[in-house]
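Residue numbers (our numbering): 1 to 85. First the structure, in the form of structure tokens, and then the observations on it.
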Amino acid sequence: MQAATTEVELTLDPLENNHGGLKQMQRYRISVVIEKDVDGYFAFCSELQGCYTQGDNYEEVLENIRDAIRIHIEDRGEIKKITFT
């Protein structure tokens with residue numbers, strides 16, 4: 001298996017805090033490991049437990065891991081919008 005590490009950049013737009021004030025948007029870089037095997041590609045984020053996916057090619061697995069990251073973060077319920085850059 002061949003593995004490569006890349007970074008996914010995203011901006012989080014949080015919901016209002018408990019006091020009605022707005023929180024600042026924050027930018028993050030999340031490391032993603034992408035592995036090629038005989039069936040296609042597999043990607044995971046060690047920083048987000050349980051965040052992994054697969055795809056038939058590199059572009060598909062990169063798109064899929066972005067979706068997996070978005071879903072993982074949105075499930076926490078504190079984010080209004082996630083933008084990948």
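We treat Cβ as the ideally placed atom computed from N, Cα and C, and that holds for glycine.
Residue i to residue j span [Cα, whole Å]
i	j	result
Glu156	Thr11	This structure does not reach residue 156, given that the chain is present from 1 up to 85, and the question cannot be answered.
Arg76	Gly40	30 Å
Limits of the unbroken beta strand (DSSP E) element including residue i
i	result
Asp37	26 to 37
Gln54	51 to 55
Gly77	Taken as a continuous stretch (DSSP letters only), Gly77 belongs to no beta strand (DSSP E), as it is neither H nor E.
Buried versus exposed call for residue i [16 or more other C-beta atoms within 10 Å across all chains shown]
i	result
Ile65	buried
Phe84	exposed
Val32	buried
Ile71	exposed
Sequence-distant residues of the same chain with beta carbon closer than 6 Å to residue i, five excluded per side
i	result
Phe42	Glu35, Gln54
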